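Engineer:
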Amino acid sequence: MPGRPGTPATGHSASQTPPRKGTTVRVAMHQPHYLPWLGLLDKIDRCDLFIVLDHVQFERKGWQHRNYVASKNGPLLLTVPVIQRSRDERIMDKSINNDSDWREKHRRTLVEHCYRSAPFHGDFGEAFADVYTTEWKNLVDLSLTTTRFVLDAFDIATPVMRSSELGEFPGQKSELLAQISTKVGATTMLSGDGAKGYVDPAVFEHHGVAVEWQNFNHPEYHQANRHNRAFLPRMAALDLLFNAGPEGMELVRAARSCGAGA
Numbered sequence: 039m040p041g042r043p044g045t046p047a048t049g050h051s052a053s054q055t056p057p058r059k060g061t062t063v064r065v066a067m068h069q070p071h072y073l074p075w076l077g078l079l080d081k082i083d084r085c086d087l088f089i090v091l092d093h094v095q096f097e098r099k100g101w102q103h104r105n106y107v108a109s110k111n112g113p114l115l116l117t118v119p120v121i122q123r124s125r126d127e128r129i130m131d132k133s134i135n136n137d138s139d140w141r142e143k144h145r146r147t148l149v150e151h152c153y154r155s156a157p158f159h160g161d162f163g164e165a166f167a168d169v170y171t172t173e174w175k176n177l178v179d180l181s182l183t184t185t186r187f188v189l190d191a192f193d194i195a196t197p198v199m200r201s202s203e204l205g206e207f208p209g210q211k212s213e214l215l216a217q218i219s220t221k222v223g224a225t226t227m228l229s230g231d232g233a234k235g236y237v238d239p240a241v242f243e244h245h246g247v248a249v250e251w252q253n254f255n256h257p258e259y260h261q262a263n264r265h266n267r268a269f270l271p272r273m274a275a276l277d278l279l280f281n282a283g284p285e286g287m288e289l290v291r292a293a294r295s296c297g298a299g300a
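Encoded structure:
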């Protein structure tokens, strides 16, 4: 079962997970997401170490503070209100705006409405509702707690650490990711398909790191609240957990393309 909600997920320092010399070490990196989707969980599940890119710039129109869940009428967007300061503000410094009762809205939407009839609501509904008993101040703490919840529920044991724990990196884009990969002793970086436009394998090769593409294939499963309506992909990973339970991760693993690796 997931750990106690309300406690920010903690990372493992690089010194705690030293790679063995001569072994292949696959790392993956991504910005922290509130209610992460299955594509991100698949990436974490397939690597030896996952780096949360919390020292990079917050994207106002990104997914760091919002995601979709499945309602009977279609996708429903849940957004955590944040305090807007500098455009260059880092994710790790982003504060939540608690002027509105967004926590109760999200709790009711997830636990009482969208997934009340789901087969595994009884197993995980109350535990996840506890996430919203904490008055979160920092966005990344909330995001990593929702991520840790689903990782624990699906029994994904990949070590997770924050890029802000690793020191300063002068590079940008591919150079930044390559520098981080080298710092943690990685031999391969697993990259999402959406990064093909800016991830340059030649930069990684210069650092002695290979690039592997995720090639994520989204599985389909029964969504109880959809009442035989069309399947809604790309929802928060909670959708799979509430509908298929801990074994649902096997659907994700089975859907991986043959050329993507295991």
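Just so we're aligned, residue 39 is where the sequence shown starts under my numbering, counting upward by one. Idealized CB from N, CA, C, for every residue including glycine. None of the values given here were measured: they were computed from a predicted structure.
#1: Buried or exposed: where does F269 fall if 16 or more other Cβ atoms within 10 Å of its Cβ makes it buried?
#2: Leaving out the 5 sequence neighbours to the left and right, which residues in its chain are closer than 7 Å to Y72 when beta-carbon positions are compared?
#3: Short of 7 Å in beta carbon distance, which residues of its chain neighbour L115, apart from the five on each side in sequence? Order them along the chain.
#4: Can you list, in chain order, the stretches of the alpha helix (DSSP H) that have 4 or more residues and sit fully within the region 161-205?
#5: My understanding is that Q252 touches G235, with C-beta atoms under 8 Å, so please give their C-beta distance in whole angstroms.
#6: Below 7 Å CB to CB, which residues in the same chain sit around H93 once its five sequence neighbours on both sides are set aside?
#7: Let me make sure I understand the geometry here. Which of N111, E243, I82 and Q122 has the alpha-carbon closest to that of K99?
#8: Taking the DSSP output, what are the residues bridged to V90?
#9: According to DSSP, what are the bridge partners of P302?
#10: Buried or exposed, going by whether 16 or more other CB atoms sit within 10 Å of the CB of N111?
#11: Judging by CA-CA distance, which residue of V65, E97 and L79 is the nearest neighbour of I89?
#12: With three or more beta-carbon pairs closer than 8 Å as the criterion, would you say the region 235-244 touches the region 148-158?
Structural biologist: In this structure, then:
#1: exposed
#2: Q102, H103, R104, N105, V118, L180, S181 and T184
#3: R104 and Y106
#4: 177-191
#5: With 8 Å as the limit, Q252 and G235 do not qualify as a contact, their Cβ atoms being about 14 Å apart.
#6: R128, M130, S201 and S202
#7: Q122
#8: H68 and R200
#9: A query on residue 302 cannot be resolved here, the shown segment of the chain reaching from 39 to 300 and no further.
#10: exposed
#11: V65
#12: no
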